[in-house]
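Trainee:
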Amino acid sequence: QYNLQLSERRAKAVAAYLTDKGVSSERITVEFYGESKPAEANDTRDGRRKNRRVEFKILKLQ
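My numbering puts the first residue of the sequence shown at 4, with every later residue one more than the last.
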């Protein structure tokens with residue numbers, strides 16, 4: 004539960020940053036996964052570091 008909430012806060016912080024930089028909030032979709040979609044295994048310090056991330060995709064430029 005903690006990691007899911009942390010993931011949500013990170014994702015929303017990025018969305019807020021993009022909005023502050025002029026991206027319309029209507030063009031932003033926020034998704035967060037907590038521990039359900041790790042980039043790396045969580046059994047090493049490096050793996051845990053790589054899992055503390057936010058990813059975003061630019062689908063269409065205007």
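We put the CB at the ideal spot given by N, CA and C, even for glycine.
These numbers come from a predicted model, not from an experiment.
Determine whether the beta carbon atoms of Ala14 and Glu29 lie at a separation below 8 Å.
Mentor: For the purposes of this step, residue 14 is taken as residue 11 along the sequence shown, with counting starting at 1. For the purposes of this step, residue 29 is taken as residue 26 along the sequence shown, with counting starting at 1. No, they are not a contact pair.
Trainee: Specify the secondary structure class of Gln8 as computed by DSSP and reduced to three states.
Mentor: On the sequence shown, position 5 is the one that residue 8 refers to. Of the three classes helix, strand and coil, the one that applies to Gln8 here is helix, per DSSP.
Trainee: For Gly50 versus Leu7, is the C-beta spacing smaller than 8 Å?
Mentor: As a working mapping, residue 50 is identified with position 47 in the sequence shown. As a working mapping, residue 7 is identified with position 4 in the sequence shown. Not a contact, by the Cβ cut-off of 8 Å.
Trainee: Tell me whether Ser27 is buried or exposed, calling it buried when 16 or more other Cβ atoms sit within 10 Å of its Cβ.
Mentor: Along the sequence shown, one-based indexing puts residue 27 at 24. Flag for Ser27 reads exposed.
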